[in-house]
Structures are given as structure tokens and as C-alpha cells.
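Asks:
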């Protein structure tokens, strides 16, 4: 039985994320209009549509090349801060995951490296009301579940649950990074749009990064 | 004489181009390489790390580049652009925390006078000083 992930699963993850972003585009923009510059959904949708167009041009050689393509496209095409943040996430993911097939440990290591890239790029901390408030709990949950011996699919499910909980927990927080931080206390009471798209990313991973049965 | 290049990064191309026009008004005769990386490729508001890395490469004559930015993604995209550059170019680039308009004007003037990169960067960083002195802030 194959327990390794390759191009079909990686591409499935990226396409599932792109579809989720397209489906939730208006919701993401509405969330951003409450506490930001009202462009998160539009920006992410433009970026992920460019990623899908690049993938439609033909599959990259391996996982590292695929995620590098995703990251390079996002840093160029998104326009807003989510471009360099998600772009750096995928570029670091590519570097840490490498060009060979990925097992569960590779997935955890690569996701952690991607999230650390977001930390380095945005200099945000937990509780700042950013995408990290979804991504950091997701990484922690994934690593804990794998350490407890759960299969990757279950561990990614736990990561998705943690990301959604982290997203919802941004509502009472006061933003300390990005445009929303200009609003001070007025940012309280709104779910963070970046944490919302980040939860979509982890949920897409839980659906798509499942080793093929065979 | 050093020829330090400048790059203006903004969400808005009209904003960046107007800032460059304002700064170039200070130049008489001497010229300075000032490149703009601003807006999305469909004409909207946004920043593009690849476009910034290309602008830096175009502004670089080997004596260094100072990059001025507006806010938010302009800063994050400029930092990301550094990762996309060759090591030798990256080492010559300085991202300025100076104010975009005032910093650019000061930087253009001293760059035209043949100042080195650190001197140009220092001038960009003190861009608010004349206004602060005037207003007592």
C-alpha cells in the first residue's frame, strides 16, 4: 500500500485550495472590508487563479518544483501582503519537503518550515490576529497526532480542526499586524480574513494530501 | 563617483510615478537611476516581489541600491524580492525605513551628488527631519 505522496496529491491540494478560495472569495473580502483594505478575497483569488493556470501548463517535475512554482506565482500575482506571506510559505515548504516522495514526516516537516517562513516574513506572533493563529495550532496538532501514531489522514484532519478553531478564536482579538492594526480596538469582534484563508489551506490539505490506496 | 540607484515600491503606480516626478524636479543636469515597481500587472493596487527584484537589478550599476516603500505588502514584497536576487546584488541593496516621498527627494539629491549607498540611505531615513523641525514635532 502506497503511503507516500507525489505530484497528484500535491496538485490536488493546490487545486482544492484554489477552488475553496474562489468559492469563499466574497466572504474573504467582506471580512477584510471590516478590518482591512477589502481586497483579501480578490487578491487570493487572482493569485490562485494564476497558480492554476501555471499548473494547467503541465505538471512540474516533482513536489519541490511544484511548490516553488506556487510560491513564485503568489509573490508576484497576489498584490497584497498575503502574496509574500503565502508565497514564502510555499517556497519554504518546497525547500524543506524536497524533490523526493513525501511521507507523513516530510509533510509535517515541510508544513512547519512553511509556517516558520510566514513567521519570519510577517514577524507576527500568536494572538496578533493573523493567519498564524490558524497555521500554528494546525502544525502543533499535526505533529502531536503523528507522534501519537495516527495515520497522516487523521493527523491532517486534526490539523484542519485546529486551524478552524484558531480562525474562530481570532474574533475577540485586537489586531497587532497589517492594515487591521491601524483600527486598534475597532478590529475586535471580527474574524481575521488571513486566518480564514489559512484554515481553507489546511482543510484542503486534509482532503487532498491522502496517500493513494494501492 | 558612485552611482547609487533608487527603487520606489508602492501599491499604486500613479503614486510612485508622481513621487519620482516630484523628486526629479530637484535634479539639474545630473541624473539618477530611479526605477518604479508599483501596482499589479492588471493596473490595480498591489505589490509584486518579482517586479521589485527586476527594478532593483535595473537600478543597480554595481554601487548599490536604496529601496523606498510605502506600507504593508510593499515592505513584505521588497523583503521577498531580496531572496529572488543573486547574492552579489542582494548584498548591495538596502531597504530604507524612510518616508516614501520625503525620503526619496533627499535620496535623489545626494545620489545625484555622487554619495555612496550608506550616505544615500541615511538621507532617505532623515527625510522627515525638515518637516519635523518646521512643525516642532
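Protein chains in written order, with the working numbering: chain G, -6 to 207; chain Z, 54 to 190. Even for Gly, the Cβ is constructed at its ideal location relative to N, Cα and C.
(1) At 3 residues or longer, what runs of the beta strand (DSSP E) sit wholly inside the stretch 96 to 180 of chain Z?
(2) Whose C-alpha, out of G:189, G:41, G:-3 and G:24, is nearest the C-alpha of residue 157 of chain G?
(3) Quick check on residue 183 of chain G: buried or exposed, where buried means 16 or more other Cβ atoms within 10 Å of its Cβ?
(4) Taking C-alpha atoms, which residue in G:191, G:199 and G:35 lies nearest to residue 83 of chain G?
(5) Quick one: residues in its chain with C-beta nearer than 6 Å to the C-beta of residue 110 of chain G, no 5 flanking neighbours on either side, listed in chain order?
(6) Cα-Cα, which of Z:150, Z:164, Z:105 and Z:110 is closest to residue 76 of chain Z?
(7) Using a Cβ-Cβ cut-off of less than 9 Å, give me the residues of the stretch 68 to 79 of chain G that come near chain Z, in sequence order.
(8) Starting from residue 71 of chain G, trace the beta strand (DSSP E) in both directions and tell me its first and last residue.
(9) Closest Cβ-Cβ distance between residue 110 of chain G and chain Z: below 8 Å?
(10) Quick one: which chain Z residues come within Cβ less than 7 Å of residue 81 of chain G?
(11) Along the stretch 101 to 132 of chain G, where does the CB come closer than 8 Å to a CB of chain Z? Name the residues.
(12) Tell me whether residue 163 of chain Z counts as near the ligand NAD, meaning its Cβ is closer than 7 Å to at least one heavy atom of that ligand.
(13) Let's test the definition: count the other Cβ atoms within 10 Å of the Cβ of residue 83 of chain Z and tell me whether it reaches 16, buried, or not, exposed.
(14) Please list the partners that residue 172 of chain G has in chain Z, where partner means a Cβ-to-Cβ separation under 7 Å.
Replies: Let me lay it out:
(1) 118 to 122 and 146 to 148
(2) By alpha-carbon distance to residue 157 of chain G, the top candidate from G:189, G:41, G:-3 and G:24 is G:189.
(3) buried
(4) G:191
(5) 81, 82 and 85
(6) For residue 76 of chain Z, the nearest C-alpha among the options comes from Z:164.
(7) 68, 69, 70, 71, 72, 73, 74, 75, 76, 77 and 78
(8) DSSP places residue 71 of chain G in no beta strand (DSSP E); its state is neither H nor E.
(9) So no, residue 110 of chain G is outside the interface.
(10) 133
(11) Look at the stretch 101 to 132 of chain G: the residues with a C-beta under 8 Å from a C-beta of chain Z are 114 and 115.
(12) You won't find the ligand NAD in this model; it holds no ligand whatsoever.
(13) Its Cβ having fewer than 16 others within 10 Å, residue 83 of chain Z is exposed.
(14) 125
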